[in-house]
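In our numbering, each number is its position in the sequence shown, counted from 1, plus 107.
Glycine included, each C-beta is placed from N, C-alpha and C at the ideal position.
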Amino acid sequence: MQSSYLVYILFRFFLLVISLLPFRLNTILGKLMGTFYYRIDRSRRRVIRANISVVFGRELDHRQRETLGKESCECLATNILDLIRLDRIVNSENYHRFIEIKGFSNLMKSVERGKGTVVVTGHFGNMVLLRYACYLNIPPKSVIIRKLDDPYLEHYVSSILKAHDVIMVRPDGALKRMHQLLLQNTLAVTLADQKAGGSRRGGRDGIVVDFFGIPSQTHITGPFLAMHTGASIVPVFVIRKGPGKYTIEVNEPLKLVHTDDEPGDLKQNTRKLNQIFEHYIRRYPEQWFWLH
108 MQSSYLVYIL FRFFLLVISL LPFRLNTILG KLMGTFYYRI DRSRRRVIRA NISVVFGREL
168 DHRQRETLGK ESCECLATNI LDLIRLDRIV NSENYHRFIE IKGFSNLMKS VERGKGTVVV
228 TGHFGNMVLL RYACYLNIPP KSVIIRKLDD PYLEHYVSSI LKAHDVIMVR PDGALKRMHQ
288 LLLQNTLAVT LADQKAGGSR RGGRDGIVVD FFGIPSQTHI TGPFLAMHTG ASIVPVFVIR
348 KGPGKYTIEV NEPLKLVHTD DEPGDLKQNT RKLNQIFEHY IRRYPEQWFW LH
(Lines of atoms letter the chains of each structure in order from A; the text may use other names.)
(Lines give C-alpha, C1' and ligand atoms only; values in the text may rest on other atoms or scores of the structure.)
Protein backbone atom coordinates (compact mmCIF):
# COMPACT_ATOMS: atom_id res chain seq x y z
CA MET A 108 0.00 0.00 0.00
CA GLN A 109 2.86 2.40 0.85
CA SER A 110 4.56 1.86 -2.52
CA SER A 111 1.23 2.35 -4.26
CA TYR A 112 0.69 5.63 -2.44
CA LEU A 113 4.21 6.77 -3.33
CA VAL A 114 3.51 6.12 -7.00
CA TYR A 115 0.32 8.13 -6.65
CA ILE A 116 2.18 11.07 -5.06
CA LEU A 117 4.77 11.03 -7.85
CA PHE A 118 1.96 10.86 -10.40
CA ARG A 119 0.22 13.90 -8.91
CA PHE A 120 3.53 15.80 -8.83
CA PHE A 121 4.07 14.99 -12.51
CA LEU A 122 0.57 16.28 -13.30
CA LEU A 123 1.28 19.50 -11.43
CA VAL A 124 4.51 20.15 -13.33
CA ILE A 125 2.96 19.41 -16.72
CA SER A 126 -0.10 21.54 -15.96
CA LEU A 127 2.16 24.58 -15.59
CA LEU A 128 3.86 24.20 -18.97
CA PRO A 129 2.70 26.30 -21.96
CA PHE A 130 1.00 24.43 -24.79
CA ARG A 131 3.82 25.05 -27.26
CA LEU A 132 6.30 23.45 -24.89
CA ASN A 133 3.87 20.55 -24.45
CA THR A 134 3.94 20.09 -28.22
CA ILE A 135 7.74 19.89 -28.28
CA LEU A 136 7.83 17.57 -25.27
CA GLY A 137 5.05 15.42 -26.73
CA LYS A 138 6.97 14.92 -29.95
CA LEU A 139 10.08 13.88 -28.04
CA MET A 140 8.12 11.48 -25.83
CA GLY A 141 6.20 10.00 -28.76
CA THR A 142 9.33 9.45 -30.84
CA PHE A 143 11.11 7.87 -27.87
CA TYR A 144 8.20 5.53 -27.21
CA TYR A 145 7.99 4.49 -30.86
CA ARG A 146 11.71 3.69 -30.91
CA ILE A 147 11.93 1.66 -27.69
CA ASP A 148 8.67 -0.33 -27.59
CA ARG A 149 9.26 -3.01 -30.20
CA SER A 150 6.05 -4.95 -29.59
CA ARG A 151 3.83 -1.88 -30.00
CA ARG A 152 5.86 -0.73 -32.97
CA ARG A 153 5.11 -4.04 -34.66
CA VAL A 154 1.39 -3.56 -33.95
CA ILE A 155 1.49 -0.02 -35.35
CA ARG A 156 3.31 -1.12 -38.49
CA ALA A 157 0.93 -4.01 -39.06
CA ASN A 158 -2.18 -1.85 -38.64
CA ILE A 159 -0.87 0.87 -40.95
CA SER A 160 0.07 -1.74 -43.56
CA VAL A 161 -3.46 -3.15 -43.52
CA VAL A 162 -5.01 0.26 -44.18
CA PHE A 163 -2.38 2.08 -46.26
CA GLY A 164 -0.09 -0.71 -47.41
CA ARG A 165 -0.64 -0.01 -51.10
CA GLU A 166 -0.86 3.76 -50.76
CA LEU A 167 2.20 4.56 -48.64
CA ASP A 168 5.79 3.42 -49.06
CA HIS A 169 7.89 2.16 -46.13
CA ARG A 170 9.25 5.60 -45.22
CA GLN A 171 5.76 7.15 -45.22
CA ARG A 172 4.38 4.34 -43.05
CA GLU A 173 7.22 4.80 -40.56
CA THR A 174 6.59 8.55 -40.46
CA LEU A 175 2.89 7.99 -39.82
CA GLY A 176 3.59 5.51 -37.04
CA LYS A 177 5.95 7.93 -35.30
CA GLU A 178 3.57 10.87 -35.76
CA SER A 179 0.70 8.91 -34.24
CA CYS A 180 2.74 8.31 -31.07
CA GLU A 181 3.77 11.97 -30.99
CA CYS A 182 0.13 13.04 -31.33
CA LEU A 183 -0.97 10.71 -28.54
CA ALA A 184 1.72 11.95 -26.16
CA THR A 185 0.94 15.59 -26.96
CA ASN A 186 -2.78 15.02 -26.43
CA ILE A 187 -2.10 13.61 -22.97
CA LEU A 188 0.07 16.58 -22.01
CA ASP A 189 -2.50 19.04 -23.38
CA LEU A 190 -5.24 17.29 -21.42
CA ILE A 191 -3.34 17.72 -18.16
CA ARG A 192 -2.89 21.44 -18.87
CA LEU A 193 -6.50 21.92 -20.00
CA ASP A 194 -7.87 20.27 -16.86
CA ARG A 195 -6.17 22.97 -14.82
CA ILE A 196 -7.35 26.03 -16.77
CA VAL A 197 -10.60 25.19 -18.61
CA ASN A 198 -13.93 26.20 -17.10
CA SER A 199 -17.48 26.99 -18.19
CA GLU A 200 -16.55 30.55 -19.20
CA ASN A 201 -13.40 30.00 -21.26
CA TYR A 202 -13.67 26.49 -22.76
CA HIS A 203 -14.52 27.96 -26.18
CA ARG A 204 -11.01 29.50 -26.34
CA PHE A 205 -9.56 26.02 -26.55
CA ILE A 206 -12.34 23.85 -27.95
CA GLU A 207 -14.48 24.55 -31.02
CA ILE A 208 -17.65 22.54 -31.42
CA LYS A 209 -18.96 21.87 -34.92
CA GLY A 210 -22.37 20.36 -35.52
CA PHE A 211 -23.68 20.95 -32.00
CA SER A 212 -27.19 21.26 -33.43
CA ASN A 213 -26.97 17.59 -34.45
CA LEU A 214 -26.58 16.65 -30.80
CA MET A 215 -29.35 18.96 -29.63
CA LYS A 216 -31.80 17.51 -32.15
CA SER A 217 -31.19 14.11 -30.64
CA VAL A 218 -31.49 15.40 -27.07
CA GLU A 219 -34.77 17.15 -27.88
CA ARG A 220 -36.25 13.85 -29.08
CA GLY A 221 -36.15 12.77 -25.45
CA LYS A 222 -35.21 9.14 -26.14
CA GLY A 223 -31.55 9.25 -25.20
CA THR A 224 -28.42 9.60 -27.30
CA VAL A 225 -25.65 7.08 -27.89
CA VAL A 226 -22.51 9.12 -28.49
CA VAL A 227 -20.11 6.88 -30.40
CA THR A 228 -16.45 7.83 -30.47
CA GLY A 229 -13.20 5.89 -30.61
CA HIS A 230 -9.48 5.80 -29.97
CA PHE A 231 -9.04 8.94 -32.00
CA GLY A 232 -7.69 12.42 -31.28
CA ASN A 233 -8.18 13.64 -27.72
CA MET A 234 -11.38 11.72 -27.07
CA VAL A 235 -11.27 12.37 -23.30
CA LEU A 236 -12.08 16.04 -23.95
CA LEU A 237 -15.68 14.98 -24.52
CA ARG A 238 -16.12 15.30 -20.78
CA TYR A 239 -16.06 19.09 -21.20
CA ALA A 240 -19.55 18.74 -22.63
CA CYS A 241 -20.62 19.30 -19.02
CA TYR A 242 -20.23 23.02 -19.77
CA LEU A 243 -23.02 22.77 -22.34
CA ASN A 244 -26.73 22.67 -21.59
CA ILE A 245 -27.19 18.95 -22.21
CA PRO A 246 -28.17 15.93 -20.08
CA PRO A 247 -25.71 13.98 -17.92
CA LYS A 248 -23.31 11.60 -19.65
CA SER A 249 -22.65 7.96 -18.90
CA VAL A 250 -19.52 6.17 -19.99
CA ILE A 251 -18.25 2.60 -19.65
CA ILE A 252 -14.97 2.58 -17.74
CA ARG A 253 -13.06 -0.29 -16.17
CA LYS A 254 -12.18 0.02 -12.50
CA LEU A 255 -8.47 0.77 -12.12
CA ASP A 256 -6.30 -1.60 -10.11
CA ASP A 257 -4.66 1.14 -8.07
CA PRO A 258 -7.15 2.52 -5.48
CA TYR A 259 -5.55 5.97 -5.41
CA LEU A 260 -5.60 6.41 -9.18
CA GLU A 261 -9.13 5.00 -9.21
CA HIS A 262 -10.22 7.67 -6.73
CA TYR A 263 -8.48 10.40 -8.76
CA VAL A 264 -10.07 9.41 -12.07
CA SER A 265 -13.49 8.94 -10.46
CA SER A 266 -13.38 12.40 -8.89
CA ILE A 267 -12.54 14.02 -12.24
CA LEU A 268 -15.37 12.27 -14.07
CA LYS A 269 -17.89 13.07 -11.35
CA ALA A 270 -16.82 16.72 -11.43
CA HIS A 271 -17.64 16.74 -15.15
CA ASP A 272 -21.14 15.32 -14.62
CA VAL A 273 -20.19 11.86 -15.90
CA ILE A 274 -21.95 8.75 -14.62
CA MET A 275 -19.47 5.87 -14.58
CA VAL A 276 -20.74 2.50 -15.76
CA ARG A 277 -18.62 -0.57 -15.11
CA PRO A 278 -18.26 -3.16 -17.91
CA ASP A 279 -20.10 -5.84 -15.92
CA GLY A 280 -23.79 -5.26 -16.57
CA ALA A 281 -23.03 -2.20 -18.71
CA LEU A 282 -25.70 -2.85 -21.36
CA LYS A 283 -28.48 -3.11 -18.78
CA ARG A 284 -27.35 0.00 -16.90
CA MET A 285 -26.87 2.11 -20.03
CA HIS A 286 -30.25 0.92 -21.31
CA GLN A 287 -31.80 2.31 -18.11
CA LEU A 288 -29.92 5.59 -18.41
CA LEU A 289 -30.91 6.10 -22.06
CA LEU A 290 -34.56 5.78 -21.08
CA GLN A 291 -33.88 8.81 -18.84
CA ASN A 292 -32.59 10.76 -21.89
CA THR A 293 -28.92 10.71 -20.91
CA LEU A 294 -25.93 10.57 -23.25
CA ALA A 295 -24.31 7.14 -23.33
CA VAL A 296 -20.71 7.38 -24.54
CA THR A 297 -19.17 4.25 -26.00
CA LEU A 298 -16.04 3.36 -27.98
CA ALA A 299 -16.74 1.54 -31.23
CA ASP A 300 -13.27 0.95 -32.68
CA GLN A 301 -12.10 -1.86 -30.46
CA LYS A 302 -12.01 -5.61 -30.91
CA ALA A 303 -14.95 -7.40 -29.34
CA GLY A 304 -14.74 -10.73 -27.59
CA GLY A 305 -16.23 -13.94 -28.86
CA SER A 306 -15.71 -16.35 -31.70
CA ARG A 307 -15.06 -15.39 -35.28
CA ARG A 308 -18.78 -15.62 -35.95
CA GLY A 309 -19.40 -13.02 -33.33
CA GLY A 310 -19.52 -12.87 -29.57
CA ARG A 311 -22.12 -11.61 -27.16
CA ASP A 312 -20.62 -8.12 -27.43
CA GLY A 313 -19.56 -8.08 -31.07
CA ILE A 314 -20.03 -9.31 -34.60
CA VAL A 315 -17.79 -9.68 -37.62
CA VAL A 316 -18.05 -6.61 -39.87
CA ASP A 317 -15.70 -5.23 -42.52
CA PHE A 318 -13.29 -2.52 -41.36
CA PHE A 319 -11.11 -1.19 -44.17
CA GLY A 320 -12.08 -4.27 -46.13
CA ILE A 321 -10.96 -6.69 -43.40
CA PRO A 322 -13.54 -8.81 -41.51
CA SER A 323 -13.11 -7.64 -37.91
CA GLN A 324 -14.74 -8.38 -34.57
CA THR A 325 -16.58 -5.12 -33.88
CA HIS A 326 -18.40 -3.93 -30.77
CA ILE A 327 -22.15 -3.61 -31.20
CA THR A 328 -22.93 -1.67 -28.02
CA GLY A 329 -23.96 1.54 -29.80
CA PRO A 330 -26.22 0.05 -32.50
CA PHE A 331 -27.65 -2.53 -30.09
CA LEU A 332 -28.65 0.09 -27.51
CA ALA A 333 -30.13 2.41 -30.14
CA MET A 334 -32.16 -0.36 -31.77
CA HIS A 335 -33.59 -1.49 -28.42
CA THR A 336 -34.31 1.90 -26.84
CA GLY A 337 -35.16 4.17 -29.75
CA ALA A 338 -32.15 6.36 -28.92
CA SER A 339 -30.19 8.15 -31.62
CA ILE A 340 -26.59 7.30 -32.50
CA VAL A 341 -24.39 10.38 -32.89
CA PRO A 342 -20.75 9.82 -33.99
CA VAL A 343 -18.41 12.37 -32.39
CA PHE A 344 -14.69 12.95 -32.94
CA VAL A 345 -12.22 15.21 -31.09
CA ILE A 346 -9.55 16.51 -33.48
CA ARG A 347 -6.32 18.25 -32.52
CA LYS A 348 -5.82 21.45 -34.53
CA GLY A 349 -2.76 22.94 -32.85
CA PRO A 350 -1.14 23.62 -29.45
CA GLY A 351 -4.01 23.58 -26.96
CA LYS A 352 -6.60 23.84 -29.75
CA TYR A 353 -9.19 21.16 -30.52
CA THR A 354 -12.35 20.74 -32.55
CA ILE A 355 -15.20 18.47 -31.53
CA GLU A 356 -17.02 17.37 -34.68
CA VAL A 357 -20.57 16.16 -34.04
CA ASN A 358 -21.95 14.19 -36.96
CA GLU A 359 -25.60 13.87 -37.91
CA PRO A 360 -27.47 11.04 -36.15
CA LEU A 361 -26.95 7.74 -37.91
CA LYS A 362 -29.89 6.64 -40.05
CA LEU A 363 -30.54 3.20 -38.63
CA VAL A 364 -31.86 0.29 -40.64
CA HIS A 365 -35.04 -1.18 -39.14
CA THR A 366 -36.54 -4.36 -40.63
CA ASP A 367 -37.77 -7.69 -39.34
CA ASP A 368 -34.24 -9.07 -39.65
CA GLU A 369 -32.64 -7.84 -36.42
CA PRO A 370 -29.27 -9.63 -36.85
CA GLY A 371 -29.01 -8.26 -40.39
CA ASP A 372 -30.00 -4.77 -39.23
CA LEU A 373 -27.40 -4.89 -36.48
CA LYS A 374 -24.71 -5.81 -38.96
CA GLN A 375 -25.71 -3.07 -41.42
CA ASN A 376 -25.85 -0.40 -38.72
CA THR A 377 -22.49 -1.47 -37.31
CA ARG A 378 -20.98 -1.36 -40.79
CA LYS A 379 -22.32 2.19 -41.23
CA LEU A 380 -20.44 3.23 -38.11
CA ASN A 381 -17.27 1.56 -39.35
CA GLN A 382 -17.50 3.52 -42.59
CA ILE A 383 -17.65 6.80 -40.66
CA PHE A 384 -14.55 5.77 -38.71
CA GLU A 385 -12.77 4.87 -41.93
CA HIS A 386 -13.55 8.34 -43.28
CA TYR A 387 -12.04 10.12 -40.26
CA ILE A 388 -9.01 7.86 -40.08
CA ARG A 389 -8.22 8.64 -43.71
CA ARG A 390 -8.66 12.38 -43.09
CA TYR A 391 -6.52 12.43 -39.93
CA PRO A 392 -4.45 9.23 -39.95
CA GLU A 393 -1.92 10.51 -37.40
CA GLN A 394 -4.69 11.02 -34.83
CA TRP A 395 -5.89 7.43 -34.66
CA PHE A 396 -4.38 5.11 -32.04
CA TRP A 397 -2.63 2.70 -34.38
CA LEU A 398 -1.00 1.03 -31.39
CA HIS A 399 -4.22 -0.50 -30.01
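Hey, LEU363 and MET334 are a contact pair by Cβ (cut 8 Å); roughly how many whole angstroms apart?
Right, the Cβ-Cβ distance comes to about 7 Å (below 8 Å), so this counts as a contact.
Where PHE318 falls, given that 16 or more other Cβ within 10 Å makes a residue buried
Burial call: buried.
Span of the alpha helix (DSSP H), counted from its first residue to its last, around SER212:
Residues 211-220.
Would you report the Cα separation of PHE120 and ASP372, rounded to the nearest angstrom?
Distance between the alpha carbons of PHE120 and ASP372 is about 50 Å.
Burial state of VAL114 (16 or more Cβ within 10 Å)
By the 10 Å Cβ count, VAL114 comes out exposed.
Between which two residues does the alpha helix (DSSP H) holding ALA184 run?
Unbroken alpha helix (DSSP H) run through ALA184: 169-196.
DSSP state of ASP317, grouped into three classes?
Here ASP317 sits in strand by DSSP.
Quick check: the Cα distance between ILE104 and PRO342, rounded to an integer number of angstroms?
No information on residue 104 is available, as it lies outside the stretch 108 to 399 that the chain covers here.
Check whether the Cβ atoms of GLY232 and PHE163 sit closer than 8 Å, and answer yes or no.
In this structure, PHE163 does not lie closer than 8 Å to GLY232 by Cβ.
Pair every Cβ in the region 120-129 with every Cβ in the region 174-186, then say whether three or more of these pairs are closer than 8 Å.
Fewer than three Cβ pairs drawn from the region 120-129 and the region 174-186 lie within less than 8 Å of each other, which leaves the two stretches out of contact.
Neighbour-count burial assignment, LEU236, 16 or more Cβ in a 10 Å radius:
LEU236 should be labelled buried.
Just the Cα atoms here: how many angstroms apart are ARG347 and GLN394?
Approximately 8 Å, taken between the alpha carbons.
From what residue to what residue does the beta strand (DSSP E) around THR228 run?
Here the beta strand (DSSP E) through THR228 covers 224-228.
What does a CB cutoff of less than 7 Å around THR134 pick up in its chain, not counting 5 residues either side in sequence?
For THR134, the CB contacts under 7 Å within the same chain, skipping 5 residues up- and downstream, are THR185 and PRO350 in chain order.
Contact under 8 Å by Cβ, LEU282 with THR228:
LEU282 is not a Cβ neighbour of THR228, given a cutoff of 8 Å.
Quick one: Cα of VAL250 to Cα of LEU190, how far?
When only Cα atoms are considered, VAL250 and LEU190 end up about 18 Å apart.
Beta-ladder partner(s) of MET275, from DSSP:
DSSP output for MET275 lists VAL250 as bridge partner(s).
Taking the C-alpha atoms as reference points, what is the distance between GLU173 and GLY337?
Their Cα atoms are separated by approximately 44 Å.
Residues of its chain near ARG195, where Cβ-Cβ distance is below 6 Å and the 5 sequence neighbours each way are ignored
The answer, listed in chain order, is SER126.
Are the CB atoms of GLU356 and LYS138 within a distance shorter than 8 Å?
No. Outside cutoff.
If ILE430 sits next to TRP397, beta carbons under 8 Å apart, how far is it from one beta carbon to the other, in whole angstroms?
It is not possible to answer for residue 430, since the shown part of the chain is limited to 108 through 399.
Cβ distance (whole Å) where VAL316 is taken to contact THR377 below 8 Å
Contact holds; Cβ gap of about 5 Å.
What residue from ARG238, LEU214 and SER150 has the CA that sits closest to PRO339's CA?
It is worth fixing the name first, because residue 339 is Ser in this sequence and not Pro. For SER339, the nearest C-alpha among the options comes from LEU214.
Short check: CB of ARG156 to CB of TYR145, under 8 Å?
It is not a contact, given that the beta carbons lie outside the stated cut-off.
Kindly list the residues whose CB is nearer than 6 Å to the CB of SER179, restricted to its own chain and excluding five residues on each side of it in sequence; keep chain order.
Excluding the 5 residues flanking it on each side, SER179 has same chain C-beta neighbours closer than 6 Å at GLU393 and TRP397, in chain order.
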